[in-house]
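This report refers to the structure that appears directly beneath it.
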Amino acid sequence: MSPTTAPGDSTPDAGARRPVELADEGELDAFVADADAAVVEFYTDGCGICASMEPVLGNVARELDVAVATVNPRDDPPLIERFDVRSVPLFVLFVDGEPVARRAEGFVPGDELTAWIADRVA
Numbered sequence: 001m002s003p004t005t006a007p008g009d010s011t012p013d014a015g016a017r018r019p020v021e022l023a024d025e026g027e028l029d030a031f032v033a034d035a036d037a038a039v040v041e042f043y044t045d046g047c048g049i050c051a052s053m054e055p056v057l058g059n060v061a062r063e064l065d066v067a068v069a070t071v072n073p074r075d076d077p078p079l080i081e082r083f084d085v086r087s088v089p090l091f092v093l094f095v096d097g098e099p100v101a102r103r104a105e106g107f108v109p110g111d112e113l114t115a116w117i118a119d120r121v122a
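The opening residue of the sequence shown carries number 1 in our numbering; numbering runs sequentially from there.
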């Protein structure tokens, strides 16, 4: 997954343009607290479907102007319990720092993910 900040990417809205890699529950909480709306993908290393969602998330972020991030909950059991992560990829939509929707259906085409988010953020 992509690093937290790409080289030369120091603009404040960089996180809204591509997925930001979050390390743990603390970073997740800080990330969603700073955004009006945010989508977080829970993934695991070696998950091909998860990796294929990263460019889709970037496109959705640009289209809807929402913050997007990815987090691997493998080493953070409280995060797994808190969000009831049973399968990956798991997408959780946050509005005003609170989780409002979740989706765990494997690969989700960009237009479907965009509509899912837009229906809940509007």
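Even glycine gets a Cβ: it sits at the ideal position worked out from N, Cα and C.
For residue j and residue i, the rounded distance between their alpha carbons
| i | j | result |
| --- | --- | --- |
| Gly26 | Thr70 | 13 Å |
| Phe83 | Ala38 | 15 Å |
| Asp9 | Val56 | Since pLDDT at Asp9 reaches only 41, below the 50 mark, its modelled position is unreliable, and no value is offered. |
| Glu107 | Met53 | Glu is not the amino acid found at residue 107; the sequence shown has Phe there. Taking the straight line from one Cα to the other gives about 7 Å. |
Proximity to residue i [Cα-Cα], best of the options
| i | options | result |
| --- | --- | --- |
| Ser87 | Asp96, Arg74 and Glu98 | Arg74 |
| Ala118 | Phe42, Phe94, Gly106 and Thr44 | Phe94 |
| Gly58 | Glu112, Val20 and Pro78 | Val20 |
| Arg18 | Trp116, Arg62, Asp96 and Glu105 | Arg62 |
| Gly110 | Val60, Gly48, Asp34 and Leu28 | Val60 |
| Phe91 | Asp76, Ala35 and Val68 | Val68 |
Environment of residue i [buried if 16+ CB atoms lie within 10 Å]
| i | result |
| --- | --- |
| Pro89 | buried |
| Glu105 | exposed |
| Val66 | buried |
Residue i in three-state terms, based on DSSP
| i | result |
| --- | --- |
| Pro109 | coil |
| Ala115 | helix |
| Phe83 | coil |
Residue i: first and last residue of the uninterrupted beta strand (DSSP E) it sits in
| i | result |
| --- | --- |
| Phe42 | Ala37 to Phe42 |
Limits of the unbroken alpha helix (DSSP H) element including residue i
| i | result |
| --- | --- |
| Ala33 | Glu25 to Ala33 |
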